[in-house]
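Residue numbers for the sequence shown follow our numbering, beginning at 1 and rising by one. Using N, Cα and C, we set each Cβ at its ideal position, and we do this for glycine too. In this text the structure is predicted, and so the values were computed from the model without any measurement. Below is one structure, written out as structure tokens; the observations come after it.
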Amino acid sequence: MVRFIHAADLHLDSPFSGLKNIPEEIMKSIQQSTFQSLSNLVYSSIHNQVDFVLFSGDIYDLEDRSVKAQVQFKREMERLEKQNIPVYIIHGNHDFAGDETLHISLPANVTIFNTSVETVNLVTKEGKVIALSGFSYDKRWITERMINKYPTRYNQVDFHIGLLHGYQEGKKSEHAHYAPFTVSELRKKKYDYWALGHIHLREKVSDFPPAYYPGNLQGRNKKETEEKGFLLVELNTHASPEIQFIPSAPIIWKKINIDATKIRTVDAYYNLIQASLPIINDIYSYLVSLEILVSKDSTESFLKKINQNQFVEIHQRLNDKEFLWITEYKVTPIADQEKGLDMNTLFPDAWEKVLTEVSNDKVFNELTADFFEQSKSAYMMQERSEFYREEMIKRAILELQMISDTKGVENSED
């Protein structure tokens, strides 16, 4: 048996530049969060007595690595060195290999893979021989199929593990510039585990071979919600691997959608929001994006009251260390469904089919191609990411609902 930690996409010293109007003490905690998550990972490595630690790319947020990030990372690696825990690193598209004269040296227990695919061996304390194959990026974009340069599994080792910072072909088109691969190509190498990096969402790519994205170590914006951390992996010669997610991020981003269309009083509205927010404890802090649907039939005074900044302020919490802070508060009046045409109720099968099809990146891009080509604004010419696609679909549904409601009223007056 061999036990190790698989992490990726630390993005140390991420600036969190999109946040505004954040109190200084909270901003300091946010900017320190990537380092705290790394420290939690190191503690878990020691506590679980792992054989080694793997980092599958993007240790740093930029190729121009800050001195602070490098020194902090070095100190954490020295903690592992004192426990005789080796560390293996590949660099990704954010922290690709650059001018080494600007880099802080790392302790002897750390091995960094070259910019061409190479294989290194290690022997664990129990005498297990492990082969590790991987490469570091030498530039931001790598469209070449680097997977083809990985060797087939070595027969003379107990386990062979691949480290790859790349994109699973056919899933998210905006990542196609990053060492693309397919599950079939992974399978041909016959490895015992693939330690993947690049996608910030935790994901099991394949059971055979075992191939995982651990997600990033700390969410950095409202798109990277819920718990973040790393994987504790156990490989056994004659049994299935045991893979456990261990949360390490001290700050959790949450997106909370609240249906308040039946609410007519400020008191009920306040209680509904209060019940929907997470409770802060000694472990996690929260950055919350609130999107609340209210009825278009609500009184003007009610809508004015709930849109005041005070309604955000009263729900925010700040303890000695932990906090709950609302980064976004959006109230959207919509037509009551019983007055409009609820497509999901009237045509459930067709509606679900349409939503599924339009959510596909290829279909979405085809439908919006002319629209994007005609618009010259920076807003409309932004990258059509998965997050942006979801936002456009959501807004289109709201518009359709409002149009349906208007048509329903017009028809009732005929």
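- About 5 Å separates the Cβ atoms of residue 117 and residue 135, confirming a contact at the 8 Å cut-off.
- The three-state reading of DSSP puts residue 43 in helix, counting H, G and I together.
- Nearest to residue 53 by alpha-carbon distance, out of 233, 248, 251, is 233.
- In the three-state reduction of the DSSP assignment, residue 311 falls in the helix class.
- Between residue 179 and residue 217, the gap from beta carbon to beta carbon reaches 8 Å or more.
- Taking residue 200 as the centre and dropping the five residues before and after it, the same chain places the C-beta of 9, 215, 216, 224 closer than 7 Å to its C-beta, in chain order.
- Here residue 143 has 177 as same chain residues with Cβ atoms under 6 Å from its own Cβ, once five neighbours each way along the sequence are excluded.
- With the rule of 3 Cβ pairs closer than 8 Å, the stretch 275-285 does not count as touching the stretch 294-306.
- Within the stretch 130-214, the alpha helix (DSSP H) runs of at least 4 residues that lie entirely inside it are, in chain order, 183-188.
- In the three-state reduction of the DSSP assignment, residue 267 falls in the helix class, which pools H, G and I.
- Annotated as proximal: residue 198 and residue 92, with beta-carbon spacing under 8 Å.
- Contact check for residue 60 against residue 13 passes: the beta carbons are separated by less than 8 Å.
- Residue 191 and residue 162 have their C-alpha atoms roughly 7 Å apart.
- In the pairwise beta carbon analysis, the stretch 309-317 is classified as not touching the stretch 239-257: fewer than three pairs are separated by under 8 Å.
- Residue pairing by DSSP places residue 301 opposite no residue, since no beta bridge is assigned to it.
- With respect to the 8 Å criterion, residue 322 and residue 284 are classified as neighbours on the basis of their beta carbons.
- Taking 8 Å as the cut-off, the Cβ atoms of residue 51 and residue 111 do not count as close.
- For residue 3, the uninterrupted beta strand (DSSP E) segment begins and ends at 2-7.
- Counting along the chain, the unbroken beta strand (DSSP E) around residue 255 starts and ends at 251-260.
- By the criterion of a C-beta distance shorter than 7 Å, residue 154 is surrounded in its chain by 131, 160, once the five residues flanking it on both sides are discounted.
- When C-alpha distances from residue 204 are compared across 183, 188, 221, the shortest belongs to 183.
- Sequence-distant partners of residue 272 (beyond 5 residues in either direction) whose C-beta falls short of 8 Å from its own C-beta, in its chain, are 258, 260, 263.
- Looking at 48, 235, 84, the one whose alpha-carbon comes closest to that of residue 128 is 235.
- Residue 24 has its alpha-carbon roughly 34 Å from the corresponding atom of residue 101.
- A residue is called buried once 16 or more other Cβ atoms fall within 10 Å of its Cβ, and residue 56 is buried on that count.
- Per DSSP, reduced to three states, the secondary structure at residue 62 is coil, with no helix or strand assignment.
- 8 Å or more divides the Cβ of residue 115 from the Cβ of residue 151.
- When secondary structure is reduced to three states using DSSP, residue 324 falls in the strand class.
- Counting other Cβ atoms within 10 Å of its Cβ, residue 58 reaches 16 or more and is therefore classed as buried.
- Residue 111 has 88 as its beta-bridge partners, per DSSP.
- Rounded to whole angstroms, the separation of the alpha carbons of residue 231 and residue 49 is 14 Å.
- If you look at residue 244, you'll find it isn't in any alpha helix (DSSP H); it sits in the beta strand (DSSP E) that goes 239-247.
- Distance from the Cα of residue 71 is smallest, within the candidate group 221, 83, 104, 226, for 104.
- When only Cα atoms are considered, residue 106 and residue 255 end up about 38 Å apart.
- If you check the CB distance, residue 289 and residue 228 do not come in under 8 Å.
- Taking the Cβ atoms as the reference, residue 109 lies roughly 5 Å from residue 86, within the contact range of under 8 Å.
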